[in-house]
Structures are given as structure tokens and as C-alpha cells.
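Input: a single structure, listed below in C-alpha cells.
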Amino acid sequence: MPRLLPAGKIANWEEISGIGAERMPDRFYQVCNVIRESQNNWLRTHWVPRNGAQRIYVELKFTLRDCNSIPGVSHTCKETFNLFYHEANGESGPDFDVAKFTKIDTIAADESFTHVDVGDRVLKLNTEVRELPSLSARGFYLAFQDVGACVALVTVRAYYKRCSATVRGLAMFPATVAGAASSSLLVVPGTCVPGAHAAEVPRMHCSSDGEWLVPIGQCTCRAGYQQAPGNRCRACRPGTYKAEAGAQPCEVCPVHSSSLKEATASCTCHAAFYRASTDPPSYPCSRPPSAPRNLISSVNETSVILEWNPPRNSGGREDVTYQVLCQQCSASSCEPCGHAVHFLPRQDRLKAPTVTIAHLNAHSNYSFTVEALNGVSSLATKVPQSSAIVNVTTNQAAPSEITAVQKEGDSGDSLTLTWSQPTQPNGVILDYELSCCLKDLREHNCTFLKVKSRSITVKGLRPGAVYSFQIRARTVAGYGAYSARVYFSTTSTLSGEMKEITILGGCIAMVILLLVFFIACFISGGFSHKGVCFTVKLRRIKTYVDPHTYEDPAQAVHEFAKEIGVSCLAIQSVVGAGEFGEVYRGVLRLTEQPEVLVAIKTLKAGYSEKQRRDFLSEASIMGQFEHPNIIRLEGVVTKTTPVMIITEFMENGSLDAFLRKNDGQFTLTQVMGMLRGIAVGMKYLADMNYIHRDLAARNVLVNGNLVCKVSDFGLSRGLEDDPQAVYTTHGSKIPIRWTAPEAIAFHKFTSASDVWSFGIVMWEMMSYGERPYWNMTNQDVIQSIEEGYRLPAPIDCPLALHQLMLDCWQKERSDRPTFAQLLAYLDKLLQTPAALKVTSSTNASEAMGVLVSSVKQWVFLELWRTHTHTHTHTHTLTYTDTH
């Protein structure tokens with residue numbers, strides 16, 4: 001509190017004692033020179049440092065006596081005093097120059113006293129607060145001028161506002177002096193509490209009233225720390241751990257592991273236990289498995305089938321696999337099997353306890369080792385016994401399949417063939433058997449030949465014919481498998497004349513095919529007069545995609561909405577509150593683009609994952625639309641908190657509030673222009689196969705040029721491929737006063753139900769934002785509509801517009817116009833001004849006179865006749881021409 005120093009006529013201000021607030025003794029200054037005229041008594045404070053404050057407030061508590069209660073001073077007594085200030089960079093000493101002070105205000109009392117009760121000296125105080133102008137010096141003086149009042153100055157308090165130091169979201173924000181402007185928001189960076197960190201620096205905004213607003217980003221407890229009461233992070237105690245940053249608590253160490261220190265992110269495995277690199281820290285430590293049990297073998301010639309039982313101890317893991325090692329043994333040593341040996345299904349990473357080994361040598365000794373492995377087998381320094389061994393001897397076997405058969409030469413009636421030896425003869429090859437078949441539909445006329453060498457010339461074949469051949473080898477163990485079937489042809493013996501005839505026939509056939517092709521192209525219109533085929537391009541029709549059909553809703557957001565960095569946004573002020581959080585006005589600054597004024601919808605803290613999906617689904621819907629009468633989506637902020645949706649800023653806000661604020665201020669042409677803009681936007685949505693379901697004036701936004709744009713797609717759903725398809729809601733809230741009867745009764749929504757809502761919007765606009773159906777209850781509204789009641793024409797509403805509303809409110813949805821028809825009709829009305837002059841207050845004869853006097857009236861009359869004869873309305877208006 002500033003210390004008061006009397007100055008000027010010091011004797012006229014006196015320091016006295018009294019009982020102040022809370023009946024405590026206090027000292028204050030008073031002056032009461034009301035008898036003499038022209039009083040000029042000053043009292044000054046000491047120098048008060050500003051301490052960086054932007055806005056200074058002065059609170060005065062004082063008493064002031066009513067001049068009428070003092071006899072004989074009516075001309076000299078005053079009931080006010082003046083407040084002054086002077087900027088200075090430091091103490092200026094006891095000198096007091098009145099000329100340097102600037103007046104702030106004249107102070108008057110809300111309640112003055114008439115006399116002093118000797119028995120009760122408790123003062124009844126007046127309190128006044130004034131704001132100093134913007135200061136630039138390091139401090140200031142305050143001064144009080146008495147001009148002839150009886151006043152007691154009890155307290156003088158100079159103060160400023162600041163946002164107190166606080167901790168929010170595990171981020172510490174220092175005490176911050178409020179800004180100078182009444183609407184300013186100072187961005188204040190925060191610091192994470194010990195044990196916490198953030199992907200980006202958390203921030204909050206300090207308002208001019210000393211309140212914290214708009215938190216952006218937050219800190220989370222690091223790995224090894226958990227969140228504790230009091231907005232702090234506490235280290236995990238020994239025996240517990242926390243693997244990742246986040247709000248989750250510390251957990252007890254998994255089995256076979258422990259932690260000996262605080263703030264542990266993972267627990268250490270006990271001796272002989274391990275954790276694989278792919279195992280999360282929450283997995284218990286494990287060890288390699290024991291050996292497979294009961295390994296047995298079955299020999300089938302040169303193949304062996306191995307089977308076994310799983311190990312008795314899996315090591316505490318479920319990822320046990322098996323590996324088979326093969327060795328071929330002689331009397332003195334064993335060597336690894338070569339690449340010719342095949343393992344079915346494979347040699348390692350076996351999950352089933354069985355394997356077949358093929359292509360072994362006959363009459364040979366083999367040793368097979370089956371190892372059991374798991375995810376930590378490679379980490380074990382001392383591997384336990386985890387393998388089983390079996391020794392087998394293969395039997396005598398037939399030779400393997402021959403893989404290569406080639407034609408060495410041919411003549412008109414013979415072919416010469418050669419082939420390779422089997423990969424595994426499995427003994428001495430005694431001979432080969434050849435199968436030769438004439439190729440036709442049945443592969444008949446087969447001949448079998450035997451030969452000891454690996455070549456043969458087959459004679460007696462047909463010239464120009466195709467034959468198939470297969471070969472197999474034989475040992476003492478029997479025949480092996482036939483080779484794959486191969487096909488060779490003998491040489492044709494046609495004469496030169498026949499060859500020429502054959503070639504000529506082929507050419508004639510080719511010419512015939514080309515003629516058929518050109519005739520077909522000509523008949524189908526495929527060639528122009530220049531002989532060039534036309535290319536038909538189909539126009540691609542853009543169709544709305546329901547984001548709720550995506551398995552991952554985040555994919556829809558990233559596909560249809562642009563991600564914006566929060567650093568590109570500058571929040572200016574709060575403009576309202578939405579369903580999910582506050583709505584702000586701000587500026588979007590993108591690289592190499594001009595600044596854009598935007599509206600910023602935020603998702604309030606503490607949201608559920610469902611609320612986040614619902615919040616962002618509106619952006620997924622909005623991002624698919626690009627039309628001047630549909631609100632434009634600028635982008636979203638999803639990688640930081642709070643989550644935001646950024647749209648273009650509409651200066652005049654919602655249409656219903658804008659109409660009520662400007663009741664009767666617009667011409668009919670302006671209202672019709674705004675109404676037409678809504679119709680254009682809804683036609684665009686209908687063409688996109690899209691149902692809005694919540695069209696109302698409150699969900700239409702208006703910009704500074706009176707352009708109306710459809711917004712608020714929270715209740716919307718899309719049509720299917722069938723334009724007449726409907727959407728059935730599941731417990732959604734339905735805006736009764738704007739909704740078609742079939743949508744209320746059966747929850748069936750179509751584009752026709754949007755047309756009904758458009759009729760209600762027309763009524764809202766013509767009544768300048770009046771509530772549809774006034775104070776009727778929702779149940780009364782439903783019953784009245786079912787009984788045929790429709791809203792009457794608002795005051796001064798053209799009958800043509802009210803008739804259009806009645807068209808929109810047809811009970812049968814098939815009788816309602818489409819948005820394309822509505823738009824065409826509105827355009828006709830705008831082109832026929834005389835039609836808009838007939839209102840409910842115009843009598844029939846006047847109406848007829850206005851209609852007939854218009855040069856273009858025949859257009860309107862024809863349109864009106866066609867329209868009214870096409871639909872049956874609940875209320876009709878008939879004009880009778882007696883002439």
C-alpha cells in the first residue's frame with residue numbers, strides 16, 4: 001500500500017486514528033475545510049515502483065459527509081475530491097510540483113454520512129477502483145486534491161493482476177504479469193516437473209484478468225516414474241518398474257526378475273534367466289527349453305520320418321520351435337548331409353514335432369539330432385540339455401526321377417532322344433523304360449520300349465505328328481518314378497505345292513479376320529471419318545465416403561483432413577463453447593501463404609477415446625466437401641493436445657442469432673439471396689449422396705458478405721449407392737421441430753427429410769429467427785403435424801415463399817421437391833419480383849392486380865399453376881378471376 005505524505009496546505013489534511021475494517025484500530029487522513037471557499041488541499045503518496053506491471057489499478061476506501069447535514073456551508077461545501085497521478089523513474093524527494101500531476105478522475109461517494117455517532121466510531125466506507133493509463137516509467141506517484149469536502153481517506157491500495165504460479169498437467173507455469181490490453185492472451189511456456197517430460201514445450205495463456213486459459217500440450221511421467229497426488233511424478237520403488245512414459249502406474253517386476261534401484265524402467269533377470277530383445281519389459285524372464293522326449297524314427301527306403309514329444313519344460317515360453325541336424329556316418333566319422341537332402345516341411349523353425357527327411361542315400365547310416373529352441377536359447381551362456389539324437393540306416397531303394405529328356409534329331413517317321421542319369425540312382429541302373437504315346441485328346445496308342453543306354457531312336461512314327469515321352473530307370477529294387485511328360489513332333493512331309501496352298505489359306509484367313517474387325521468397328525461407331533477410333537471418357541462423380549466405415553477412424557481423418565502444426569496457430573480470443581470444448585478465434589499462418597482468420601474448435605481435457613473419434617469424425621466429413629456454401633475445413637491438430645479442428649472464420653456467426661440481432665434490417669432480396677445460398681449448398685450435399693439430418697438456422701453460418709454456409713455435420717450420415725436409400729439412427733437425439741414426420745416416427749432419413757428441414761429454415765429466416773412452433777412441447781408438435789397442421793406464413797412473408805414451405809412439408813416424402821427443383825423455383829421467384837409482393841395481408845383483388853400488372857407475370861403464373869397442380873397441400877390459397 002502506498003504511504004501517504006501530506007503536501008501543499010499540510011495543516012488542512014490531518015492524520016488521525018479510528019476503527020477500520022474488522023473493527024481493528026487504524027490510522028487515516030481526513031480534511032473538513034467546508035467553511036472557506038476555494039480550497040486546494042493536496043495529499044501525495046511516496047513513489048510506487050511499477051515492477052513490470054502492465055495495468056495498474058487504484059482502490060480507494062473513504063468516507064464523505066453530506067453537505068446538507070452541515071448548516072451554513074451550502075455554497076462552500078463539496079462532496080467530491082480528485083485523484084491524480086505522476087510517472088517517475090524514482091523518488092523525487094519531498095518537493096511537490098502540482099503541475100506535474102495528471103488527473104485520473106473525480107471521486108464521489110455512493111453513500112455519504114450525515115453525522116457521527118459518538119457511541120459507534122466504526123466507519124461506513126465507500127470503495128472506488130480506477131485504472132491508471134498505460135505507464136512507461138519505472139514507477140508513479142498518486143495525489144489527492146480536496147476542493148472543500150469533508151472526507152476521510154482510509155486506505156489507498158495500488159495493485160496489478162497476474163496469473164499465479166501453478167502446476168497443471170505435470171507442467172509448472174511461473175507467476176506472470178497480465179497483459180496491457182483487455183483482450184490480450186500472453187503465451188507462457190511451462191516446465192515439466194521433475195521426472196516428467198513432453199514431446200513439445202507445454203504452454204498456457206495468461207488473460208488480462210489474471211486467469212490461466214487454453215492449455216496446450218502436457219507433460220507425462222517418464223519411464224521409471226508414476227504420477228502421484230499433487231501434480232508430481234514419483235520414482236518407482238525397488239521391486240517395481242515402469243517401461244514407458246505415460247499415466248500408467250509402476251508395476252511389480254515380472255517373474256524371475258527384480259529391480260534394486262528406484263526409477264527403474266525395466267527389471268533385471270535373475271541368473272540363468274533371460275529376456276529376448278523382442279520381449280516387452282512386462283514379460284517374465286525365461287530360459288531355454290529341455291530336450292524333446294521320445295524321439296522315434298521310421299525308415300522308408302531312402303526317406304526317414306522323425307517324430308517326438310514336446311519338451312517337459314518349455315522354459316516358461318510359448319515360442320518353442322525345433323531344428324533338425326543331419327549327419328551321414330561311416331565307420332570312422334560323421335559329416336554333415338549335403339544340400340541334396342530335403343526336409344519336409346523344413347529343417348528349422350519347426351512348430352509341429354515331426355519332420356520327413358527325403359533324398360537320402362540307400363544303405364547308408366545317418367545320425368539325426370532334434371534340438372528344442374525358444375526365444376532365449378541364443379542368449380543362454382550355459383545351454384541345458386535340449387536335444388535328442390537318433391541313428392538310422394536307410395534301405396535299398398528304387399532310383400529317383402529322371403529330370404532332363406532332350407530331342408537330338410528327327411526325321412519324317414523317327415525321333416532320337418537322350419536323357420540324364422537319375423540324381424539318386426540308389427544302386428546300379430539295370431535298364432530304362434520309355435513310354436511313347438501319340439498326342440491327342442486321350443493320349444492313346446502308347447508304346448513301351450526298354451534300353452540299357454541313355455539314348456534311343458524311336459522309329460515307325462507318323463510324319464508331322466506330336467508324341468509324348470516319359471522315361472524311368474530300374475535297379476534291383478525296382479523301377480523308379482516316370483519323368484515328367486515331354487512332347488516332341490516329327491517332321492512334316494508336305495510337298496512344295498501343299499506348302500504354298502497352306503500359306504495361301506493362312507493369308508486368306510487373316511484377310512477375312514481383318515475385314516470382320518473393320519466392319520465391326522464401323523458398325524459400332526468406333527471410327528471417325530478419318531479412320532481414327534474415338535475414345536469415350538466417363539465423368540467421375542465424387543461421392544461422399546462415410547468415415548464410420550473405416551476400421552481405423554484415424555485413417556479417415558488423415559485421408560480427408562490436413563494435419564496442421566500447432567505452431568502455425570495464434571489464438572486471439574474465446575468466441576463460444578461447443579459440445580466438446582471451447583471455440584476460439586485465431587489466425588492461421590502457413591509458409592508462403594497469407595494469414596487466414598480461422599475458428600478453432602478444441603477437445604476439452606479428460607475426453608474418452610470415443611469422444612475423440614466423434615470429435616474428429618466431423619473433420620473427416622467436412623474435409624470431403626469443397627463448395628462456397630459449405631463451411632471450409634482448413635485442417636486438424638491431432639499430434640498434440642488439445643486436439644483441434646480448424647475451419648474458416650464466419651464473422652456474423654450462426655444464422656438464427658444473426659437474424660434475431662438484425663430483426664427487419666434486410667431487404668427481401670437480401671434474405672432471398674441468403675436462402676438461395678443455403679439451397680445451393682444443400683443441393684451440393686444431395687449430389688454427393690449425403691444426408692445432413694440436422695439442417696437448422698443454428699447450423700448455418702454467415703460471413704461478413706452475408707454468404708450463408710451449411711455447417712455442423714455431427715449428426716450427419718451418408719447415403720448408400722442407391723440415392724433413395726435411408727439411414728436408420730440408433731438412439732440419436734432428433735431435433736423434433738426441424739425433422740420430417742417419417743424421421744421422427746421411424747428414424748428414416750433421406751434427402752427428402754432434409755428438404756422438410758429446409759422448409760423450416762425458410763420459415764426461420766422469414767420470421768427473423770423466431771422459434772418454430774413457439775412454446776409448444778415436442779409431443780404437441782408431433783401430434784399437430786400428424787393431424788395436418790403446418791406453420792402459418794410469418795408477417796409480410798410472400799405467399800409464394802409460404803407455398804414453397806408447404807411443398808417442403810408434404811407428408812409423403814415423394815411429393816416433396818428436390819433441392820434442384822427448390823433452387824430452380826427460387827431463381828424463378830428472384831426473376832419475378834411481382835410474385836414476391838403478394839403477402840398474407842394482401843386481399844385477393846389487390847393480389848390479382850399486382851400479378852397481372854407484371855410484364856413477366858405469365859412466367860410466374862405458369863410456374864405457380866404447374867407447381868400447385870402437381871402437389872396437394874394441407875393449406876391452399878385460391879384466386880378467382882371474375883373477368
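Here the UniProt record's numbering is used: position 330 in the sequence shown is 330, and no number is missing along the way.
Glycine included, C-beta positions come from ideal geometry on N, C-alpha and C.
As assigned by DSSP and simplified to three states, the class of residue i
i: M498; result: At M498 the pLDDT is 49, less than 50, meaning the model places this residue with poor confidence; the figure from the coordinates comes in the next sentence. If DSSP states are grouped into helix, strand and coil, M498 belongs with the helices.
i: W13; result: coil
i: H529; result: Interpretation of H529 is limited by its pLDDT of 38, a score under 50 that renders its predicted location unreliable; the figure taken from the coordinates is listed afterwards. Three-state DSSP puts H529 in coil, outside helix and strand.
i: N699; result: helix
i: W809; result: coil
i: residue 884; result: No answer is possible for residue 884: the residues shown for the chain start at 1 and end at 883.
i: H692; result: coil
i: F819; result: helix
i: L590; result: coil
i: Y550; result: coil
i: L170; result: coil
i: C360; result: The sequence given here places Leu at residue 360; Cys does not occur at that position. Here L360 sits in coil by DSSP.
i: R613; result: helix
i: G18; result: strand
i: C32; result: strand
i: F560; result: helix
Minimum C-alpha distance to residue i - residue among the options
i: S654; options: I16, M674, A180, I104; result: M674
i: A800; options: G759, D780, K61; result: G759
i: C163; options: A175, A271, L170; result: A175
i: Q30; options: T155, A835, A199; result: T155
i: L668; options: P798, P553, H627; result: P798
i: K837; options: A484, S814, D796; result: D796
i: T475; options: A398, G412, L461; result: A398
i: T739; options: K733, F746, W756, S751; result: W756
i: P733; options: S711, P284, D694, S751; result: A small correction: the amino acid at residue 733 is Lys; Pro does not occupy that position in the sequence shown. Here the closest residue by C-alpha is D694.
i: V596; options: E634, E559, F560; result: E634
Start and end residues, beta strand (DSSP E) containing residue i
i: W42; result: 41-45
i: I456; result: 455-458
i: G139; result: 139-146
i: I782; result: Run containing I782: none in the beta strand (DSSP E); it sits in the alpha helix (DSSP H), 778-786.
i: M204; result: 203-207
i: R130; result: 126-131
Separation of residue j from residue i, as counted between CA atoms
i: Y322; j: P353; result: 7 Å
i: L826; j: M672; result: 8 Å
i: V405; j: S420; result: 7 Å
i: I691; j: P547; result: 14 Å
i: E15; j: C67; result: 22 Å
i: L360; j: Q396; result: 11 Å
i: M776; j: L822; result: 29 Å
i: A53; j: A88; result: 15 Å
i: T549; j: I621; result: 12 Å
i: P289; j: A358; result: 28 Å
i: L449; j: W308; result: 46 Å
i: R36; j: N12; result: 12 Å
i: M762; j: S112; result: 58 Å
i: A577; j: T264; result: 43 Å
Neighbourhood of residue i by C-beta distance below 6 Å, restricted to the same chain and skipping five residues each side
i: T356; result: I305, L344
i: A245; result: T220, R222, A223
i: Q347; result: V324
i: V637; result: I564, V566, M644
i: N703; result: M650, E651
Close-in-space but distant-in-sequence residues of the same chain around residue i (CB under 7 Å, 5 per side omitted)
i: I782; result: I736, I744
i: G677; result: N629, V707, C708
Contact test: residue i Cβ vs the ligand HEM heavy atom, cutoff 7 Å
i: R613; result: Of ligands this structure carries none, so the ligand HEM is not represented either.
Enclosing alpha helix (DSSP H) for residue i [first to last residue]
i: Y684; result: 668-687
i: D656; result: 655-661
i: P741; result: 741-746
i: W763; result: 751-766
8 Å CB neighbourhood of residue i in its chain, flanking five on each side removed
i: L170; result: C192, V193, A196, Q218, C219, T220, C221, Q227, N231, R232, C233
i: R485; result: S468, F469, Q470
i: Q857; result: With a pLDDT of 44 at Q857, under the threshold of 50, the modelled position of that residue is not reliable, and the figure given next carries that caveat. T832, A834, A835, L851, listed in sequence order.
CB contact below 8 Å: residue i versus chain B
i: V707; result: Protein chain content of the structure displayed is limited to a single chain, and chain B is not contained in it.
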